[in-house]
Amino acid sequence: MTSPRPDTDTVVAHCRRWVEQLVIGLNLCPFARKPYENGQVRFVVSHATQPEALLEDLHRELETLRSTDPQELDTTLLIHPQVLQDFLDYNDFLGVVDNFLEQGGYADEFQVASLHPDYRFADTQPDDAENYTNRSPYPLLHILRENSVTQALGSIAHPEKIPERNIRSLEKLGAAQLHEQLAGCLKSDPALPVLYTFRRCPYAMRARLALKYSGIALELREVDLKAVPESLSQASAKDTVPVLVLPDGKVIDESLDIMLWALRCNDPDGWLGEDEGHVLPADRLLEMNDFSFKQDLDHYKYAERYPEHTQQEYRARGEEFLQELDDLLGEHDFLLGDSVSLADIGIFPFIRQFALVDRDWFDSAPYRNLQRWLDGFLQSGLFTAVMLKHPVWKPGDAPVIQRPEYLPPGDG
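The numbering used here numbers the first residue of the sequence shown as 588 and each following residue consecutively.
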């Protein structure tokens, strides 16, 4: 019977916590902080179950380091939870690694440091505190560049005293406390929802607006829509954003459903309305927006893909919806009254996108109420907060956490 495949994100999170709390926190490696804080440390989880497969993963990671600028990637932690859990087997495998570096022509460029949950130096007892200098949450191989090691050792006084100093520090803490700290790295934080998003997508934008307004703490994962991550595809068959994965495993993959979920968790300003009066008008406007207007928007924005009509003709079709919204906004500050509603937030990102196709035209068009409404949202703290740029997420990246924070949605 094979052991279950470990959750990559969880394994990486445990190892990051170990680096932060023990390796850097206890200053076991005085030159670890800089590359870690600069994002130059790569965390890779091997799913190998045999040493031979792990050696293939090591080969691949050596080639990745060799082909990558050290300023971008300095070092790699190759974590292998499913193989060599026994320290004696792991220790024997280190000889295989050394031979591989020599025979593969890597020995002059790289070295591999050894770390294991049961690491034990020669002539020590299993519970000796000094063993914790090389103990980690999971078995792993730490690939280092020889040049980086040389530079790091040259940057500090008396590097030869580091092991002796570490032993003194760890003995002062005691094996019991160190064991507790290492075990603590494997404890899970309260799970957060995960939102797969794309910054400019209007559907994802309105989901982020509702989640931020509702004060939902979550992990944001920016997606490259041309290379959707496997974890998103596993969560939702639609294979696009937005997708919200809740801690209990439930998946919400429609933007309006995400908005409604967030607002039912917390709706401080009553976007859903105090009674049913908003429901039918909001549904009607959102249906028009999501179907006929969205089609007109796509034809207008990408007119070269739809040569059956001119861009101006597609724009004119979309203007029918603009005119209806402008008329509503002539009566009130917002679409359904004098306060923001689900309809405003659900439609705003699409009007923004329509306006951006030709902003000069939009600003001169006879939709003064709509222009005022749009500008109010564009200048709001809520919109600014959800439009922060984040790098495209990859497995193993440090999580981007959205913290609870109330921000007003628009000025009206």
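Each residue gets a CB set at the ideal place from its N, CA and C atoms; glycine is no exception.
So the candidates are Phe697, Asn718, Trp960, Ala763; which of them puts its Cα closest to the Cα of arginine 707? Of the listed residues, the one whose Cα sits closest to arginine 707 is Asn718.
Got a sec? Which residues, its chain only, sit under 7 Å from asparagine 956 by beta carbon, not counting five neighbours each side? Asp913, Leu916, Gly917.
Just checking my contact of leucine 873 with glycine 933 at CB under 8 Å: how many whole Å lie between their CB atoms? Right, their Cβ atoms sit about 5 Å apart.
Just the Cα atoms here: how many angstroms apart are glycine 857 and proline 617? Their Cα atoms are separated by approximately 52 Å.
Of the choices Ile839, Gln940, Arg653, Asp931, whose alpha-carbon is the least far from that of lysine 888? Comparing Cα positions, the closest option is Gln940.
Inter-residue Cα distance where the pair is valine 598 and aspartate 695: Valine 598 and aspartate 695: Cα-Cα distance of roughly 30 Å.
Closer than 7 Å by C-beta to leucine 681: which residues in its own chain qualify, once you throw out the five before and the five after it? Chain order, please. Ser701.
Beta-bridge pairing of threonine 663 - partner residues as DSSP gives them: Paired residues: Arg629, Ile730.
Taking 9 Å as the cut-off, decide whether the C-beta atoms of leucine 645 and phenylalanine 687 are in contact. For the 9 Å CB-CB criterion, leucine 645 and phenylalanine 687 form a contact.
Kindly list the residues whose CB is nearer than 7 Å to the CB of valine 610, restricted to its own chain and excluding five residues on each side of it in sequence; keep chain order. Hits under 7 Å: Cys616, Ala619.
With a threshold of 8 Å, are at least 3 pairs of Cβ atoms found where one atom belongs to the stretch 712 to 729 and the other to the stretch 749 to 762? Put simply, the stretch 712 to 729 touches the stretch 749 to 762. At least three CB pairs are less than 8 Å apart.
Taking all protein chains shown into account, do 16 or more other C-beta atoms lie within 10 angstroms of the C-beta of threonine 784, making it buried, or fewer, making it exposed? Counting Cβ neighbours within 10 Å, threonine 784 comes out buried, since at least 16 surround it.
Considering only the alpha carbon of each residue, which of Asn678, Ser756, Arg752 lies closest to leucine 728? Comparing alpha carbon positions, the residue from Asn678, Ser756, Arg752 closest to leucine 728 is Asn678.
Please report the distance separating the alpha-carbon of lysine 881 from that of proline 780. Rounded to the nearest angstrom, the two C-alpha atoms are 28 Å apart.
On the CB-based measure, 16 or more other CB atoms within 10 Å of its CB, does glutamate 747 come out buried or exposed? Classification of glutamate 747: exposed, given that the 10 Å Cβ count is below 16.
Arginine 629 and glycine 983 closer than 9 Å at C-beta: In this structure, glycine 983 lies closer than 9 Å to arginine 629 by Cβ.
Do aspartate 661 and arginine 603 have their C-beta atoms closer together than 9 Å? Going by C-beta atoms, aspartate 661 is not nearer than 9 Å to arginine 603.
For valine 815, collect the residues of the same chain with a Cβ closer than 8 Å to its Cβ; drop the 5 residues on either side in sequence, then sort them by chain order. Closer than 8 Å at Cβ, skipping near neighbours: Asp826, Thr827.
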